[in-house]
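For the protein sequence lines, the chains are A and B, in the order given. Counting in our numbering, the first sequence tops out at residue 328, every number present. Counting in our numbering, the second sequence tops out at residue 337, every number present. All C-beta atoms, glycine included, are put in the ideal place defined by N, C-alpha and C. Remember, it's a predicted structure, so these values are computed and weren't measured experimentally.
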Amino acid sequence: MTDTTRFIPDRLQSPLERRLKSWETLLLAVAVAIFIVNSFTSPYFLNAWNLSDMTFNFTEKAMIAFAMALLIIAGEIDLSVASIIALASTAMGAAVQIGLGTPGLVLVGLGVGLICGAFNGFLVTKMGLPSIVVTIGTMSLFRGISYIVLGDQAYRGYPSDFSFFGQGYVFWVISFEFVLFAIIALVYFVILHKTNFGRAVYAIGNNPVGAEFSGIRVARVKFILFLLTGLMSGVAAICLTSRLASTRPSIAFGWELEIVTMVVLGGVSILGGSGSIPGVVIAAFVMGLVTFGLGLLNVPGIVMSIVIGALLIGVIALPRLWEKWRT
Amino acid sequence: MQKQILMSREVLLTGAIVLLLAIISTRFPAFIAPSNLANVFNDTAPLILLAIGQMIVILTRCIDLSVAANLALTGMVVSMINVAMPGLPVPIIIFIAVAFGALLGMVNGVLVWKLEIPPIVVTLGTMTIFRGTIFLLSEGKWINAHEFSETFKAFPRTELLGLPLMSWIAIAAVIFFSVVMSRTTLGRAFYAAGGNPHAATYAGIDVGRTQFWAFTISGALAGLTGYLWVSRFAVAFVDLAGGFELSVVAACVIGGVAIMGGIGTVVGAMLGALFLGIISNALPVVNISPFWQLAISGGAIIIAVALNAQANREKGRIILKRAEHAT
Chain A
2 MTDTTRFIPD RLQSPLERRL KSWETLLLAV AVAIFIVNSF TSPYFLNAWN
52 LSDMTFNFTE KAMIAFAMAL LIIAGEIDLS VASIIALAST AMGAAVQIGL
102 GTPGLVLVGL GVGLICGAFN GFLVTKMGLP SIVVTIGTMS LFRGISYIVL
152 GDQAYRGYPS DFSFFGQGYV FWVISFEFVL FAIIALVYFV ILHKTNFGRA
202 VYAIGNNPVG AEFSGIRVAR VKFILFLLTG LMSGVAAICL TSRLASTRPS
252 IAFGWELEIV TMVVLGGVSI LGGSGSIPGV VIAAFVMGLV TFGLGLLNVP
302 GIVMSIVIGA LLIGVIALPR LWEKWRT
Chain B
11 MQKQILMSRE VLLTGAIVLL LAIISTRFPA FIAPSNLANV FNDTAPLILL
61 AIGQMIVILT RCIDLSVAAN LALTGMVVSM INVAMPGLPV PIIIFIAVAF
111 GALLGMVNGV LVWKLEIPPI VVTLGTMTIF RGTIFLLSEG KWINAHEFSE
161 TFKAFPRTEL LGLPLMSWIA IAAVIFFSVV MSRTTLGRAF YAAGGNPHAA
211 TYAGIDVGRT QFWAFTISGA LAGLTGYLWV SRFAVAFVDL AGGFELSVVA
261 ACVIGGVAIM GGIGTVVGAM LGALFLGIIS NALPVVNISP FWQLAISGGA
311 IIIAVALNAQ ANREKGRIIL KRAEHAT
């Protein structure tokens, strides 16, 4: 059983000390360390264009990870995000076939994302079903629909101006995706840390019943969070489809795992109630640097997935082992 | 009381299965010939074995997403042992498969029990680690039919009283675990630990250790299925049974296992597995593309979990009514 006695410290930590000992600082140190190691192990690492390419490893996933962070802080989870990408991408591919232009495609992508998010949100908040099972179900349902539509075929022939979202550069090596990633990070930082809505998200994660009694419309907030993850999956689908310039039903397969890993690595408690956007941003860079560094060393993708799986368990296990060892 | 038995999940599900078979037989009468039904059962045997293990894990409020990866890793390990030592008798191979699978399950169990990491995080992580390990062991190569020894391949096909051993193993597991779950202390502890962890703790049940044994059993069954799978299909490779964990969870949810723990039966899990097995066998027969499979199991999960929630809600009300009558 957990110990309920609380220790009251003799002296509060100074803000600087607290910041130095935070998860974000630790993560930043890890990121810098990986950066330095990478630049020594591969001569191709320290190159502006290579580093710019590196950002594509995480920008799309991180866009979803921000929304996922809010959802996990509120005590829910969405495992269907990668399947929403597949469905939104398939819908965009189908829209190309009937002759829709780039603005139409963007609307289709965002719309499908919103509809999928609303569907998840409806099942969880209105029907009162556990989000883990619901989104495991919709994870196969959404991708299943892509398989029904596409089978073993692929959609191609996206309009040439559509390629800007995933392949365009705003300035020198700064890609459009990276700018979008930065803007979205800022928006989510403001939402989570500077608004009433953000405080409500924390309150719900810490104590849903208490939040309900203090006048927060828990179901509505959760519904909006599912809408946001759906919407961000739609945005990611537009970027990824534009970058690959083709759609197969297996697109973004297994991304939900990497996105959840990114969120948890960023210091968000999987049990809800705590976490921060800067943490997720640094975690995105850490994961991007690790996969890019291993890629430069010719490590195959599936071995990288071992590293990611181990990271996921390790970042949660190590602090707990440390606690156990100290007491 | 009689009404309760009539309306029980198992009876309803049996009714649904009979109905499903009736619909299929109108389009393809040969489907319900006893020999074909025996084939369908044999095809579904792996799903039944895994669903039993998954049900026990879900009973204790956990989830095991690593079963399919465990199956594939154990399958690869026993295949490599068979290639290296073709003379090793099958009973020893089976023993190795069960022990190795149980060992992998114990890894999940220890992380959940001792470090109190949420099961979904643990098994998402071990899922990718197990898959990656198969790649490291096999270097991405397949082990094909001609490399296995004859006895290794023959075992699951050997017929006894008209049914292959594969089917008999599934039947034996259903009977064995029905007895374990209803007649042993450990079996009851699984229900208690998931139904009400606090009460279980006060009753002297170590909830964490119970969860550890649930993962161990799930792992052992996955290991056993791993051998049966590679020997039946005479092939072992990295992506063997990829995504199968979703079908396993689907089978449990359809079989009336409550994802919040404490509710579920072995027979229910078996019926849930059979329901999915019949659908996947019937799709090609009634001329529907196999690409529908994924969406159908996703839809089935969502419908089943909605029905479960409804049924459990009403059950609560009935208890209250009866209590009112009693006073």
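Taking the beta strand (DSSP E) that tyrosine 170 of chain A belongs to, which residues open and close that run? Position 169 of the first sequence holds residue 170 of chain A. Secondary structure note for tyrosine 170 of chain A: its beta strand (DSSP E) is the uninterrupted segment 170 to 172.
Measuring straight from C-alpha to C-alpha, what distance separates leucine 173 of chain B and glutamate 259 of chain A? One-based indexing of the second sequence puts residue 173 of chain B at position 163. One-based indexing of the first sequence puts residue 259 of chain A at position 258. Answer to the nearest angstrom: the Cα atoms are 43 Å apart.
Answer with buried or exposed for leucine 124 of chain A, where buried requires no fewer than 16 other C-beta atoms within 10 angstroms of its C-beta. Numbered from 1 along the first sequence, position 123 holds the residue referred to as residue 124 of chain A. Classification of leucine 124 of chain A: buried, given that the 10 Å Cβ count is 16 or more.
If we cut at 8 Å on Cβ distances, does serine 161 of chain A have a partner in chain B? By one-based count along the first sequence, residue 161 of chain A stands at place 160. Cβ-Cβ to chain B under 8 Å: no for serine 161 of chain A.
Contacts that isoleucine 309 of chain A makes with chain B (C-beta to C-beta distance below 8 Å): Here residue 309 of chain A is taken as the residue at index 308 of the first sequence, counted from 1. By Cβ distance, chain B contributes Thr138.
Short check: CB of leucine 293 of chain B to CB of serine 141 of chain A, under 8 Å? Looking up residue 293 of chain B in the second sequence gives position 283. Looking up residue 141 of chain A in the first sequence gives position 140. With contacts defined by Cβ atoms closer than 8 Å, leucine 293 of chain B and serine 141 of chain A do not form a contacting pair.
Going along chain A in order, which residues have a C-beta closer than 9 Å to the C-beta of valine 296 of chain B? Residue 296 of chain B sits at position 286 when you count from the first residue of the second sequence. In chain order: nothing, as chain A lies at least about 15 Å away.
Over the uninterrupted alpha helix (DSSP H) stretch that includes lysine 223 of chain A, give me the two end residues. For the purposes of this step, residue 223 of chain A is taken as residue 222 along the first sequence, with counting starting at 1. Counting along the chain, the alpha helix (DSSP H) containing lysine 223 of chain A begins and ends at 219 to 245.
How big is the Cα-Cα spacing for valine 236 of chain A and asparagine 299 of chain A? Taking the first sequence and counting its residues from 1, one reaches residue 236 of chain A at position 235. Taking the first sequence and counting its residues from 1, one reaches residue 299 of chain A at position 298. If I take the Cα positions, the gap works out to 30 Å.
Can you name the start and end residues of the alpha helix (DSSP H) that tryptophan 152 of chain B belongs to? Position 142 of the second sequence holds residue 152 of chain B. That residue, tryptophan 152 of chain B, is in no alpha helix (DSSP H); it is neither H nor E in DSSP.
Hey, which unbroken runs of the alpha helix (DSSP H) at 4 residues or more fall wholly within the region 77 to 154 of chain A? Runs of the alpha helix (DSSP H) inside the region 77 to 154 of chain A: 82 to 98, 103 to 122 and 132 to 151.
Bridge partner(s) assigned by DSSP for isoleucine 175 of chain A: One-based indexing of the first sequence puts residue 175 of chain A at position 174. Note: isoleucine 175 of chain A sits in a beta bridge opposite A:Phe172.
Buried versus exposed, by CB contacts within 10 Å (16 or more), asparagine 52 of chain B: On the second sequence, residue 52 of chain B is found 42 positions in, with the first residue counted as 1. Counting Cβ neighbours within 10 Å, asparagine 52 of chain B comes out buried, since at least 16 surround it.
Among A:Val222, A:Tyr170 and A:Leu193, whose alpha-carbon lies nearest the alpha-carbon of threonine 126 of chain A? On the first sequence, residue 126 of chain A is found 125 positions in, with the first residue counted as 1. Each of A:Val222, A:Tyr170 and A:Leu193 was checked against the Cα of threonine 126 of chain A, and the nearest Cα belongs to A:Val222.
C-alpha gap between glutamate 169 of chain B and alanine 70 of chain A, whole angstroms: The residue you call residue 169 of chain B lines up with position 159 of the second sequence. The residue you call residue 70 of chain A lines up with position 69 of the first sequence. Between glutamate 169 of chain B and alanine 70 of chain A, the alpha-carbon positions lie close to 53 Å from each other.
Using three-state DSSP, classify alanine 251 of chain B as helix, strand or coil. For this step, residue 251 of chain B is matched to residue 241 along the second sequence. Looking at alanine 251 of chain B - three-state DSSP - the assignment turns out to be coil, as it is neither helix nor strand.
If we call anything under 8 Å between Cβ atoms a contact, is leucine 60 of chain B one with alanine 213 of chain B? Residue numbering aside, residue 60 of chain B sits at position 50 when the second sequence is read from its first letter. Residue numbering aside, residue 213 of chain B sits at position 203 when the second sequence is read from its first letter. Between leucine 60 of chain B and alanine 213 of chain B, the C-beta spacing is not below 8 Å.
Just tell me which of A:Ala89, A:Ile78, A:Met128 and A:Phe59 has its CA closest to the CA of serine 247 of chain A. As a working mapping, residue 247 of chain A is identified with position 246 in the first sequence. Ranking the options by Cα distance to serine 247 of chain A, first place goes to A:Ala89.
Which residues in chain A have a C-beta closer than 7 Å to the C-beta of isoleucine 106 of chain B? List them in chain order. The residue given as residue 106 of chain B occupies position 96 in the second sequence. Simply none; closest approach about 23 Å.
Near alanine 314 of chain B, which residues of its chain fall below 6 Å by C-beta distance, leaving aside the five closest residues on each side in sequence? As a first step, residue 314 of chain B is located in the second sequence; it is residue number 304 there, counting from the start. Its chain contains Val263 and Ile264 as the residues whose beta carbon lies nearer than 6 Å to that of alanine 314 of chain B, once the 5 sequence neighbours on both sides are disregarded; these appear in chain order.
By the DSSP assignment, the alpha helix (DSSP H) with leucine 81 of chain B in it spans what residues? As a first step, residue 81 of chain B must be located in the second sequence, where it is residue number 71. Its alpha helix (DSSP H) spans residues 77 to 94.
Closer than 8 Å to chain B by CB, phenylalanine 179 of chain A: Counted from its first residue, the first sequence places residue 179 of chain A at position 178. So no, phenylalanine 179 of chain A is outside the interface.
Close-in-space but distant-in-sequence residues of the same chain around proline 279 of chain A (CB under 6 Å, 5 per side omitted): For the purposes of this step, residue 279 of chain A is identified with residue 278 of the first sequence, where counting begins at 1. In chain order, Glu25 place their CB closer than 6 Å to the CB of proline 279 of chain A, counting only its own chain and leaving out the 5 sequence neighbours on each side.
Residues near tyrosine 203 of chain A by beta carbon distance below 7 Å, same chain, minus five either side: Taking the first sequence and counting its residues from 1, one reaches residue 203 of chain A at position 202. Within the same chain, tyrosine 203 of chain A has close Cβ partners Ile74 and Gly274.
Work out the CA separation of proline 101 of chain B and valine 264 of chain A for me, nearest whole Å. Residue 264 of chain A sits at position 263 when you count from the first residue of the first sequence. Residue 101 of chain B sits at position 91 when you count from the first residue of the second sequence. Straight across, the Cα-Cα distance linking valine 264 of chain A with proline 101 of chain B is about 45 Å.
Could you name the residues of chain B that valine 304 of chain A contacts, counting a contact when the two beta carbons are closer than 9 Å? In the first sequence, residue 304 of chain A corresponds to position 303, counting from 1. Result: Gly142, Phe145 and Leu146.
Establish whether the CB of arginine 244 of chain A and some CB of chain B are separated by less than 8 Å. Here residue 244 of chain A refers to the residue found at position 243 of the first sequence. Taking 8 Å as the CB threshold, arginine 244 of chain A stays off the interface with chain B.
Work out the CA separation of valine 282 of chain A and leucine 29 of chain A for me, nearest whole Å. Within the first sequence, residue 29 of chain A is the residue found at index 28, counting from 1. Within the first sequence, residue 282 of chain A is the residue found at index 281, counting from 1. Pairing leucine 29 of chain A with valine 282 of chain A, the inter-Cα distance amounts to about 10 Å.
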